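The listed protein sequences correspond, in order, to chains A and B.
Be aware that the first sequence starts at -8, since it is given in my numbering, and climbs by one per residue.
Be aware that the second sequence starts at -8, since it is given in my numbering, and climbs by one per residue.
Glycine is no exception: its CB is placed at the ideal position from the N, C-alpha and C atoms.
Quick caveat, the model's predicted, so the values are computed rather than measured.
Just below is one structure, and these are the notes that go with it.
There are 2 protein chains.
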Amino acid sequence: MNNRQGSLTELEGAILSEIHHRGASTAFKVRKAFQESMSLEWRGSAGAVYPAIRRLTDRGVIDAAETGSGRGTVLLSLTPQGVAVMEDWICDAERAASVGLDPFRLRSGMWDRLPPVRKAEAMAALRRTVEAEIAALRQYVVSLDPIERPRIELAISLQLTRLDWLDGQRAS
Amino acid sequence: MNNRQGSLTELEGAILSEIHHRGASTAFKVRKAFQESMSLEWRGSAGAVYPAIRRLTDRGVIDAAETGSGRGTVLLSLTPQGVAVMEDWICDAERAASVGLDPFRLRSGMWDRLPPVRKAEAMAALRRTVEAEIAALRQYVVSLDPIERPRIELAISLQLTRLDWLDGQRAS
DNA sequence: TTACTCATGTAACAAGTTACATGATTTA
DNA sequence: TAAATCATGTAACTTGTTACATGAGTAA
C-alpha cells in the first residue's frame, strides 16, 4: 500500500479514470458515480474519496480549481502528468491480471466439508442467490455507458462460471 | 467492517476454516499455509494473522492452549461456538455470491479509451500475462489438497473468461 | 418555508501492509 | 557452531468504513 512514485491504489486509479473519461468535475460527482454505478467494488465513502483526491492533488496529478461559487464547488481535472499516471495504472498488466479478492472462490473448497444437510442447504441458497444476482445484473446492464458495460458483462460472466461450477458439484 | 455478533472478516473466516479443516494447530502454521497456498488473496502477514487470532480467541470461538514448550507454542482449536460461527460464515450466501474486487474488471471499460497504440500494447501485454498466469496455475493445481483445488480451478476459469473477453475485444 | 440536492470535509474506527524484535530448537 | 526453521508478537503506517457536521442553492 506504499503510495510512492507512480503507484496508485485501485480507488485512486478509478478516481483518475472517472475524472478523465467521464468528465466528472467535482469530488461530489465522483462520489455519486461510485455510489450509484461502481457499488460492486466500493461504497464511494466520503472518508475514502475526499482524502484520495487530496493525495492526488498533493502529488500533482489532479488540478483542483476553486470556482468561488457559494457552494464551495471545486472543479477537478487531470494534469498532463496525471494522464500519464492514469494510463500507467490502466495498463499495469501484472495488477490487471491478478485474480483479486473473491468470496466465492475463497469458500469453494469448504462447502464440501460441511455436514451433508448443511451443505445441501448452502448450495441451494447459493444457487438462488447467484441466479438472482445474474438477473439483477442483466436488468442493469442495458442502461449503461461504454465504460461501465464491460464491467457488468464480466460480472455476469463470473456469476455464470460460478453457476457452472455449482452444477459440476451437484453432478459429482 | 464492524465485527460484532457473528460477523467475521474474510480473513477471520479463512483462519477458522484453516484451523478446523486442516488441523492447523498454531498461528505460525496458519500463517505459513496462507503464505504458501492462499497467496492469491492474502499475504498472511503477521500483523494481520496474530491480531485476528487474538480477536477470535477473545470472542470465544478459538481455544488457545499453551503447551509450555520452550518455543512458546500455542495450540489452536475451535470451540463448539467457533464451529457454528465458521459454518455460518461459510454458508453466508449473500457474501459468497458478491462479485468481490477484481482489478481486471475494474479496468475493463478503460482500455478502449486509450490512444490506439497504447491500447494495442496494453491488450497484448495483458494477454501474455493472463496466459502466463493460467500456465502457472495449471502447473500448481496438480499438487493440491481438496480444499485448495476448487479455489485454483475457479481462478483458472476466471482467467479463461478474461482471455475469452480479450478475444471478443480483438474481434470488434 | 420546508425539504431536497449540491458540496465540502473530519473523527473514530477497522483491519490490512511491511519491517522489526525476540528467542528456542533442529539440522548441516 | 552456524544457519535454517519454528514460534511469538509489536509498531508505524495505509487506506478503507460509517457517522457526523456544516452550509449554500433550488424546487415543492
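I need the DSSP call for residue i, collapsed to helix, strand or coil.
{"i": "B:Ser60", "result": "coil"}
{"i": "B:Val76", "result": "helix"}
{"i": "B:Ser148", "result": "helix"}
{"i": "A:Ala116", "result": "helix"}
{"i": "B:Leu(-1)", "result": "coil"}
{"i": "A:Leu105", "result": "coil"}
{"i": "A:Arg129", "result": "helix"}
{"i": "B:Leu31", "result": "coil"}
{"i": "B:Leu135", "result": "coil"}
{"i": "B:Arg46", "result": "helix"}
{"i": "B:Gly159", "result": "helix"}
{"i": "A:Ala15", "result": "coil"}
{"i": "B:Ser239", "result": "Not covered by the structure: residue 239 of chain B. The range shown for chain B is -8 to 163."}
{"i": "B:Leu154", "result": "helix"}
{"i": "B:Ile143", "result": "helix"}
{"i": "A:Asn(-7)", "result": "Its pLDDT being 37, under 50, A:Asn(-7) is placed unreliably in this model, and the value from its coordinates should be taken loosely. Of the three classes helix, strand and coil, the one that applies to A:Asn(-7) here is coil, per DSSP."}
Residue i versus chain A: which residues are under 9 Å apart at the beta carbon?
{"i": "B:Glu139", "result": "Gly100"}
{"i": "B:Glu124", "result": "Ala88, Ser89, Val90"}
{"i": "B:Asp103", "result": "Pro137, Ile138, Pro141"}
What in chain A is Cβ-close to residue i, meaning under 8 Å?
{"i": "B:Thr152", "result": "Leu145, Ser148, Leu149, Thr152"}
{"i": "B:Ala113", "result": "Ile81, Cys82, Ala84"}
{"i": "B:Ala116", "result": "Cys82, Ala84"}
At a CB-CB cut-off below 7 Å, which residues of chain A make contact with residue i?
{"i": "B:Thr120", "result": "Ala84, Glu85, Ala88"}
{"i": "B:Ser8", "result": "Met101"}
Tell me residue i's beta-bridge partners as DSSP assigns them.
{"i": "A:Ala55", "result": "A:Leu67"}
{"i": "A:Leu97", "result": "In the DSSP output, where bridge partners are listed per residue, A:Leu97 has none listed."}
{"i": "A:Leu92", "result": "B:Leu92"}
List, in chain order, every chain B residue whose beta-carbon is nearer than 7 Å to that of residue i.
{"i": "A:Leu31", "result": "Val90"}
Find the residues of chain B that neighbour residue i, judging by a C-beta separation of less than 8 Å, and give them in chain order.
{"i": "A:Glu3", "result": "Per Cβ cutoff of 8 Å: no residues; A:Glu3 is ~12 Å from chain B at best."}
{"i": "A:Arg109", "result": "Glu78, Cys82"}
{"i": "A:Ala24", "result": "What A:Ala24 touches in chain B: nothing, since even the nearest Cβ is about 12 Å away."}
Residue i versus chain B: which residues are under 9 Å apart at the beta carbon?
{"i": "A:Ala56", "result": "Neighbours of A:Ala56 on chain B: none; closest Cβ ~23 Å, over 9 Å."}
| task | Give, in chain order, every residue of the stretch 63 to 97 of chain A whose Cβ lies closer than 7 Å to some Cβ of chain B. | result | Glu78, Ile81, Cys82, Ala84, Glu85, Arg86, Ala87, Ala88, Ser89, Val90, Gly91, Leu92, Asp93, Pro94, Phe95, Arg96, Leu97
| Does the stretch 54 to 66 of chain B come within contact of the stretch -5 to 10 of chain B, defined as at least 3 CB pairs closer than 8 Å? | no
| Below 8 Å, can you find three or more Cβ-Cβ pairs linking the stretch 78 to 86 of chain A to the stretch 78 to 89 of chain B? | The stretch 78 to 86 of chain A is not in contact with the stretch 78 to 89 of chain B.
| query | When the Cβ atoms of the stretch 84 to 97 of chain B are set against those of the stretch 114 to 133 of chain A, are three or more pairs found closer than 8 Å? | reply | A contact exists between the stretch 84 to 97 of chain B and the stretch 114 to 133 of chain A.
| message | With three or more beta-carbon pairs closer than 8 Å as the criterion, would you say the stretch 5 to 22 of chain A touches the stretch 87 to 104 of chain A? | response | no
| said: Pairs of beta-carbons, one from the stretch 44 to 52 of chain B and one from the stretch 92 to 107 of chain B, closer than 8 Å: are there three or more? | reply: At 8 Å Cβ cutoff, the stretches do not touch.
| said: Can you confirm whether the stretch 14 to 30 of chain B touches the stretch 147 to 158 of chain A when touching is taken to mean that 3 or more C-beta pairs between the two stretches lie within less than 8 Å? | reply: The stretch 147 to 158 of chain A, when compared against the stretch 14 to 30 of chain B, does not touch it at the 8 Å Cβ threshold.
| request: Could you please tell me which residues of the stretch 34 to 51 of chain A, in chain order, have their CB closer than 7 Å to any CB of chain B? | output: Hits within the stretch: zero.
| message | Check whether the stretch 127 to 140 of chain A and the stretch 35 to 43 of chain B are in contact - that is, three or more C-beta pairs closer than 8 Å. | response | Touching, no.
| said: Closer than 8 Å is the cut-off here; do at least three beta carbon pairs connect the stretch 137 to 156 of chain A with the stretch 93 to 103 of chain B? | reply: yes
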